[in-house]
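Numbering (this note's numbering), first residue to last: 87 to 383.
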């Protein structure tokens with residue numbers, strides 16, 4: 087029979103010195119406890135900017151959680167773009183007290199972040215961004231600026247990430263080629279975008295922006311009020327299921343609820359609710375380009 091004991095277990099050494107040295111900084115947890123957007127090691131608190139910077143410098147999978155004092159919504163007003171995320175991290179705003187699914191209490195606001203700033207840029211792989219409200223990143227003039235979340239596969243990372251339970255609104259200026267909420271660019275593969283709300287963004291709600299990307303999944307999201315296309319899909323072996331896409335094209339003509347451009351491999355668009363799209367243009371609910379092949383709708 088297995089012998090058990092309850093209580094404290096005292097030992098002089100839990101992990102030997104060699105192991106401690108090898109794992110120093112690995113699997114660290116950083117707790118954000120201020121809305122200040124500063125790097126100041128002497129102020130006794132940890133900002134989101136400091137936590138991302140520290141995580142980038144520590145090898146291994148780190149976790150960033152939130153414990154900001156006070157009830158209600160806590161807004162982080164960025165003074166400049168956050169550091170690009172270059173090392174694996176679990177970035178979890180649902181840990182803040184008061185979080186309710188669908189109503190984030192950690193707000194990332196880009197009003198003062200400057201031209202071309204994004205909310206989060208993720209060049210790492212195997213990372214998670216969960217539970218944020220991301221708003222007012224509106225100064226972008228390209229497909230990867232002025233965007234709420236960018237998964238960037240142009241540097242060799244950007245794979246196997248999960249973006250979930252976020253609320254993204256009023257991102258991107260209404261300019262040709264810009265993306266309102268979420269962008270996947272470069273050879274970024276096997277990413278999951280799930281259970282997010284993409285509401286009233288000013289260009290596309292989401293764009294898989296590169297034919298080199300493959301096996302990305304977009305499931306159970308709500309995309310409503312996009313200024314241009316609700317969703318623009320590019321790449322191979324895309325899964326787009328269980329989403330609601332409505333009221334797209336509020337700022338443009340000739341867009342669609344879902345637009346498939348150069349989609350190849352075996353891609354599936356199924357079990358989605360698509361409504362009231364194509365009000366100002368002719369592409370309607372779903373538009374498939376001649377260059378797309380192997381798509382099941």
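A virtual CB, placed ideally from N, CA and C, is assigned to each residue, including glycine.
Proximal residues to residue 197 (C-beta, below 6 Å), its chain only, five neighbours per side dropped = Excluding residues within five positions, the ones whose Cβ falls inside 6 Å are 222.
key: Residues near residue 244 in its chain [Cβ-Cβ closer than 7 Å; skip 5 each side]   = Within the same chain, residue 244 has close Cβ partners 208, 209, 211, 237, 238, 272 and 274.
key: residue 133 - containing alpha helix (DSSP H), residue span   = No alpha helix (DSSP H) contains residue 133, which DSSP labels as neither H nor E.
Other residues of its chain near residue 120: CB distance less than 6 Å, five sequence neighbours each side excluded = Listed in chain order, the non-local C-beta contacts of residue 120 below 6 Å within the same chain comprise 131 and 133, local neighbours out to five positions each way being set aside.
request  = Compare the beta carbon distance of residue 276 and residue 307 with 8 Å and say whether it is the shorter of the two.
outcome  = In this structure, residue 307 does not lie closer than 8 Å to residue 276 by Cβ.
Reduced DSSP category for residue 154 - H, G, I as helix; E, B as strand; rest coil = Three-state result, residue 154: coil.
request  = Could you name the residues of the same chain whose beta carbon sits closer than 6 Å to that of residue 326, not counting the 5 residues immediately before and after it, in chain order?
outcome  = Counting only Cβ-Cβ distances below 6 Å, and skipping sequence neighbours, we find 304 and 355.
message = Looking only at its chain, what residues have a beta carbon closer than 6 Å to the beta carbon of residue 241, apart from the 5 residues adjacent to it on each side?
response = In its chain, beyond the 5 residues on either side, 209 have a beta carbon closer than 6 Å to the beta carbon of residue 241.
query = What are the boundary residues of the beta strand (DSSP E) that includes residue 405?
reply = This structure cannot settle anything about residue 405, because the visible part of the chain is limited to 87 through 383.
query = Per DSSP, what kind of secondary structure is residue 250 in: helix, strand or coil?
reply = Reduced to three states, the DSSP call for residue 250 is strand.
inquiry  = Here's a check: name, in chain order, each residue in its chain whose Cβ is nearer than 6 Å to the Cβ of residue 167, leaving out the five neighbours to either side.
reply    = A distance below 6 Å between beta-carbons, with the five flanking residues on each side excluded, links residue 167 to the following residues of its chain, in chain order: 199 and 203.
query = Candidates 174, 268 and 324: which alpha carbon is nearest residue 219's?
reply = Closest option to residue 219, judged by alpha-carbon separation, among 174, 268 and 324: 268.
query = Which value, in whole angstroms, describes the spacing of the CA atoms of residue 154 and residue 117?
reply = Looking at the two C-alpha atoms, the distance is approximately 9 Å.
inquiry  = Can you look up residue 162 in the DSSP assignment and give me helix, strand or coil?
reply    = Of the three classes helix, strand and coil, the one that applies to residue 162 here is strand, per DSSP.
message = Can you tell me whether residue 359 is buried or exposed? The criterion is at least 16 other CB atoms within 10 Å of its CB, across all chains shown.
response = By the beta-carbon neighbour count (other beta carbons within 10 angstroms, threshold 16), residue 359 is exposed.
ask   = Any heavy atom of the ligand SAH closer than 7 Å to the Cβ of residue 202?
value = Absence of the ligand SAH is noted for the structure shown, with no ligands found whatsoever.
ask   = Who are the near neighbours of residue 136 in its chain, counting only those whose CB is closer than 7 Å to its CB and skipping five residues on each side?
value = Non-local beta-carbon contacts of residue 136 in its own chain, meaning distances under 7 Å to residues more than five positions away in sequence, involve 125 in chain order.
request  = Inspect the beta-carbon positions of residue 176 and residue 217 and report whether they are closer than 8 Å.
outcome  = No.
message = I'd like the ranges of any beta strand (DSSP E) spanning at least 3 consecutive residues and lying wholly in the region 159-218.
response = Entirely contained in the region 159-218, the beta strand (DSSP E) runs reaching 3 residues are, in chain order, 160-163, 175-178, 192-195, 206-208 and 214-216.
inquiry  = Helix, strand or coil for residue 125? Go by DSSP, reduced to three states.
reply    = Of the three classes helix, strand and coil, the one that applies to residue 125 here is coil, per DSSP.
request  = Please determine, among 235, 347, 248 and 145, the residue with the shortest C-alpha to C-alpha distance to residue 170.
outcome  = Residue 170 has its Cα closest to that of 235, out of 235, 347, 248 and 145.
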